[in-house]
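For the sequence shown, the positions run 1 to 368 when UniProt numbering is used.
The beta-carbon is built from N, C-alpha and C at its ideal position, and this holds for glycine as well.
These numbers were taken from a predicted model, which means no experiment stands behind them.
This report refers to the structure that appears directly beneath it.
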Amino acid sequence: MADNLTPAFDARSTTRVGFLLLDHFTMIALASSIEPLRMANQLSAEELYSWSLISENGQSVTASDGLSLTPDMSIEGSAEFDLIIVAGGVDITRTFTAKQVSWLTKQSRKGVQLGGICTGAYVLAYAGLLNGYQCSVHWECLTALQEAFPKVNCNNKLFSIDKNRLTSSGGSAPMDMFLNMMTRQHGPKLSNAISDMFICDRIRSESDQQRMPMRQFNSAGVCTPKLVDVIELMENNLEEPIELDELASFVDVSRRQIERMFHRHLDCSPSRFYLRLRLERARKLLKQSNMSIVEISMACGFISTPHFSRCYRKHIGVSPRDERKIAWKGEVPELLNESKDDAIMYIAHAQDALSQSYTEPSYGSVAV
């Protein structure tokens with residue numbers, strides 16, 4: 001890896017990591033970040049890393065699963081850090097504040113390395129702190145980030161380490177990002193030992209993609225390389241859809257072969273699948289961006305806004321206008337038994353977490 005892609009940490013001293021917790025952050029992404037740091041210290045018998053939890057005002061922050069964490073400090077009373085990670089999660093476009101953005105900008109000016117996990121990169125992009133950088137973010141937030149911040153070099157990788165920026169998608173991917181960072185700082189022996197302790201079969205690299213095409217649609221778990229190629233072409237050409245004959249030409253198969261593949265593996269026609277991709281993109285933009293409905297219809301390849309609205313209502317079951325109205329209503333359910341004095345508290349009502357997740361494009365996307 002080129003030196004200019006390596007974070008400038010001093011391997012001889014303790015690397016101080018701060019985690020800025022946003023409302024509804026995902027606990028799995030936070031744990032996947034902190035646990036490698038803890039294990040690095042345990043295995044080395046040295047304090048290679050220290051970590052602190054930060055919130056805007058020093059008050060507890062509720063995760064997407066209802067767990068509430070009390071941070072170590074507020075942003076105003078924060079210590080000095082080598083690396084600050086923004087821990088994002090559900091409803092990212094509405095869970096950060098101008099004060100947090102200002103603080104991150106000040107940290108950047110001080111030379112602090114910055115990063116984001118799950119959807120945290122969205123906040124850094126909003127602050128202009130990812131312009132020109134490679135950026136990884138949870139795939140559910142990727143479309144909104146690409147449209148809102150064209151100066152950011154978004155990708156579909158598990159994580160990206162680009163000079164003094166570290167960004168990761170969600171789930172367990174932050175662990176891979178931190179293990180790769182540790183390899184650069186302390187060598188592969190330590191990172192491999194940490195991976196073994198956490199029963200990981202391998203440490204994934206920056207070249208690993210976070211999501212294969214058609215995974216969310218292929219319930220049978222079966223696909224062919226040609227089918228994947230066609231779907232990748234569709235996914236990369238949503239604004240200006242490609243005709244089926246042209247798709248067939250690109251992948252060197254006949255139109256009829258493509259139709260058979262789609263019916264066999266996905267139980268639908270190519271045109272219907274293509275429409276589904278475009279509508280899913282539209283749904284993400286309606287819920288996660290400030291783009292107008294006219295702009296969204298154009299960005300998703302519809303010939304007119306009325307045509308887009310008809311298709312959306314027919315296949316999604318609600319009009320684009322109503323979809324946005326519901327997603328942006330801003331009503332947050334009151335959490336029961338909330339106590340700011342408890343360091344860790346579980347909200348026993350899963351309904352609260354379910355209500356919070358309505359704004360996510362994947363809400364209700366899997367029939368059970």
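Which same chain residues end up closer than 6 Å to residue 315 when comparing Cβ atoms and leaving out the 5 residues on each side of it in sequence?
Excluding sequence neighbours, residue 315 sits near 279.
Which of helix, strand or coil does DSSP assign to residue 237?
Coil, per DSSP.
How about residue 172 and residue 155: do their beta carbons lie closer than 8 Å?
No, Cβ-Cβ distance for residue 172 and residue 155 is not below 8 Å.
Between the region 75-85 and the region 109-120, can you find at least three pairs of beta-carbon atoms closer than 8 Å?
Short answer: they touch.
Tell me which residues share the same chain as residue 204 and place their Cβ nearer than 6 Å to its Cβ, disregarding the 5 neighbours each side in the sequence.
Within the same chain, residue 204 has close Cβ partners 158 and 176.
Helix, strand or coil for residue 217, going by three-state DSSP, please let me know.
Residue placement at residue 217 cannot be trusted, given a pLDDT of 49 that sits under 50; what the coordinates show is reported in the next sentence. If DSSP states are grouped into helix, strand and coil, residue 217 belongs with coil.
With distance defined between alpha-carbon atoms, name the residue in 129, 99, 123 and 125 nearest to residue 108.
Looking at the Cα atoms, 129 is the closest of the given residues.
Between the alpha carbons of residue 258 and residue 266, how many angstroms are there, rounded?
For residue 258 and residue 266, the distance between alpha carbons rounds to 11 Å.
Note down the Cα distance separating residue 237 from residue 287, rounded to an integer number of angstroms.
One C-alpha to the other measures close to 21 Å.
Specify whether the region 66-79 and the region 88-97 touch according to this definition: at least 3 beta carbon pairs, one from each stretch, less than 8 Å apart.
The region 66-79 is not in contact with the region 88-97.
What's the gap between the Cα of residue 183 and the Cα of residue 189?
Taking the straight line joining both Cα atoms gives about 8 Å.
Which residues bound the alpha helix (DSSP H) around residue 98?
From DSSP, the alpha helix (DSSP H) with residue 98 extends over 98-109.
Runs of 4 residues minimum, wholly inside the region 16-89: which ones carry the alpha helix (DSSP H) assignment?
Listed in chain order, they are 27-44.
Under DSSP, the beta strand (DSSP E) around residue 114 begins and ends at which residues?
Segment 113-117, the beta strand (DSSP E) holding residue 114.
Residue 161 lies in the beta strand (DSSP E); which residues open and close that run?
159-162 is the extent of the beta strand (DSSP E) around residue 161.
With DSSP run on the structure shown, which of helix, strand or coil describes residue 136?
Residue 136 falls in the strand class under three-state DSSP.
Name the two residues that bound the continuous beta strand (DSSP E) containing residue 386.
With the chain covering 1 to 368 only, the question about residue 386 has no answer from this structure.
At the level of alpha carbons, what is the spacing between residue 64 and residue 24?
Roughly 4 Å between the two C-alpha positions.
Any chance the CB of residue 163 is under 7 Å from a heavy atom of the ligand HEM?
This structure simply doesn't include the ligand HEM, nor any ligand for that matter.
Which residue comes first and which comes last in the beta strand (DSSP E) that contains residue 167?
165-168 is the extent of the beta strand (DSSP E) around residue 167.
Once DSSP output is grouped into helix, strand and coil, what is the label at residue 209?
Residue 209: strand per DSSP, three-state reduction.
Quick check: residue 241 and residue 301, are their CB atoms within less than 8 Å of each other?
Yes, Cβ-Cβ distance for residue 241 and residue 301 is below 8 Å.
Nearest by alpha-carbon distance to residue 147: which of 49, 124, 284 and 229 is it?
The residue with the shortest Cα to Cα distance from residue 147 is 284.
Give the C-beta separation of residue 21 and residue 69 to the nearest angstrom, bearing in mind that I take them to be a contact with Cβ-Cβ under 8 Å.
Right, the Cβ-Cβ distance comes to about 7 Å (below 8 Å), so this counts as a contact.
DSSP three-state call for residue 92: helix, strand or coil?
Helix at residue 92.
Grouping DSSP H, G and I as helix and E and B as strand, with all else coil, what is residue 126?
Residue state, collapsed to three classes: helix.
Out of 358, 295 and 194, which one is the CA nearest neighbour of residue 381?
Residue 381 lies beyond the stretch modelled for the chain, which goes from 1 to 368, so this question has no answer here.
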